[in-house]
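Numbering (this note's numbering), first residue to last: 98 to 232.
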């Protein structure tokens, strides 16, 4: 099972009732890329006072949750609103969905408990999987 399959099956049952999941996954990946890949987005959460949560997603233990408000504080409401409109989702659905999906995405991309040197390649691989699955 690839990263994308694991991510979608673990998260989407509870997010949007499973609907809009691939758009949500694409939005999560876009946000990670917009903020400098895995190191950049983890740094954004740390700068917003959410370092313990971000470290838990990268680490090998349980993922600490975040709220949609936490996500907005770390990434900015403008980014979330822009991504939501680009993917045809409401800001509310985008925020709550990404609050569940982003920790799991980061967790899946850091299986050894640290950001891998080839993190950009892993991110590209997941984006390609997502693009191929939408055809």
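The beta-carbon is built from N, C-alpha and C at its ideal position, and this holds for glycine as well.
Values in this document were obtained by computation on a predicted structure and should not be read as measured data.
Closer than 8 Å is the cut-off here; do at least three beta carbon pairs connect the stretch 174-191 with the stretch 203-215?
With the cut-off at 8 Å, the stretch 174-191 and the stretch 203-215 do not touch.
Which of helix, strand or coil does DSSP assign to residue 215?
As a first step, residue 215 must be located in the chain shown, where it is residue number 118. Note: residue 215 maps to coil in three-state DSSP.
Looking only at C-alpha atoms, which of 169, 153, 210, 187 sits nearest to residue 120?
In the chain shown, the residue the question calls residue 120 occupies position 23. With distances taken between CA atoms, residue 120 lies nearest to 187 out of 169, 153, 210, 187.
Residue ranges of each alpha helix (DSSP H) within the stretch 113-193, 4 or longer:
List check, alpha helix (DSSP H) in window: 118-131, 134-144, 148-155, 165-172, 174-183.
If I measure Cβ to Cβ from residue 217 and keep anything under 6 Å in the same chain, skipping five residues before and after, which residues do I get?
The residue given as residue 217 occupies position 120 in the chain shown. Cβ neighbours of residue 217 beyond the five flanking positions: 134.
Rounded to the nearest angstrom, what separates residue 79 and residue 213 at their Cα positions?
What is shown of the chain runs 98 to 232, which leaves residue 79 out entirely.
So, using beta-carbon positions, are residue 220 and residue 130 closer together than 8 Å?
What you label residue 220 is simply residue 123 of the chain shown in a count that begins at 1. What you label residue 130 is simply residue 33 of the chain shown in a count that begins at 1. Residue 220 places its beta carbon less than 8 Å from that of residue 130.
Tell me which same chain residues have a C-beta within less than 6 Å of the C-beta of residue 124, skipping the five on either side of it?
On the chain shown, position 27 is the one that residue 124 refers to. Within the same chain, residue 124 has close Cβ partners 180, 184.
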